[in-house]
C-alpha cells in the first residue's frame, strides 16, 4: 500500500493563477487554473475522467483520466502513446498531428536556479512521485470543435504519471488553441470577447523546453498543474 500524499500546494509565482480542486470524489486533488469549471456540471463524464474547461473565450481545457498502463511500443513513452491516441480520437491524422517534444521524466529546470543538482533536488522535493514516474509529450493537433468543418490548431500537452504499485496511469491533458480558423465558433467567441474587453491571464515562461512564445505560458501552467497532482486515498484504485 502506498501512503497517501498530502494536499496539493498551489504554486505562487511564475505560473497562471491555480487553485486546488478535488478529483474523483476527493480521492485525488490537483491545482487547476481558476478560470476553469467542471464540465460534469453540464454533461455526463465517464467515471474514470475529470474534465474542466475555461469559462472565457480562450477555450482551454484539462482532462485528468485514470487508465490501465498504456501498451506502448518498445522505447515509446506513455505520454507519446497517449498523444497519438488523442490524435486518432480528434481525427487529426498525418500532418494534422505534430509531436514537437517528449520528456522521459519530470524536467528539473527551475527558474532562478543555475546549479543542475540543486534544481533537480528542488523539483524532487516538490513532487509526490519519483521524477521518473512522469513522461511528457507536447505537440499540436488540428481539431474541429463539436461537428464543425473548420479546424483549429490546438496545442496538446500530455503528461502521464505511472503509478506502478496500483497498475494505473494518471493521464493529464491540457488543450490550448493557438490558431483559430475564422469559420470556427471559437473564433467568433474570441472576437466577441475582444469587443467586450475580456482578456486571458498568461503565466511566465519556463526554460524546460524551447517552445514558441504562444506555448511557453501553457507549458509553465501545465508543469505546475502536473506537479500538484496528489493521491489522497488509494482505495480509489482498489488498493
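Residue numbers (full-length UniProt numbering): 1 to 239.
Note that CB positions come from ideal geometry on N, CA and C, so glycine has one too.
The three-state secondary structure of residue 96, taken from DSSP, is helix. From the listed residues 100, 91, 161, 46, the smallest Cα separation to residue 225 is found for 161.
Contact between residue 176 and residue 218 holds, with the beta-carbon distance rounding to 4 Å and staying under 8 Å. Residue 25 sits in a helix when the DSSP states are folded into three classes. At least 7 Å separates the beta-carbon of residue 137 from that of residue 92.
Residue 48 counts as exposed, since fewer than 16 other C-beta atoms from the protein chains shown sit within 10 angstroms of its C-beta. With fewer than 16 neighbouring CB atoms inside 10 Å of its own CB, residue 178 falls in the exposed class.
Per the DSSP secondary-structure output, residue 230 pairs in a beta bridge with 29. Residue 21 and residue 36 have their C-alpha atoms some 10 Å from each other. Residue 86: member of the alpha helix (DSSP H) spanning 78 to 89, first to last residue. Rounded to whole angstroms, the gap between the alpha carbons of residue 232 and residue 27 is 5 Å. By the Cβ-count criterion, residue 167 is exposed, with fewer than 16 other Cβ atoms from all chains shown falling within 10 Å of its own Cβ. Selection 59, 81, 62, 95 evaluated against residue 68 yields 81 as nearest (Cα-Cα).
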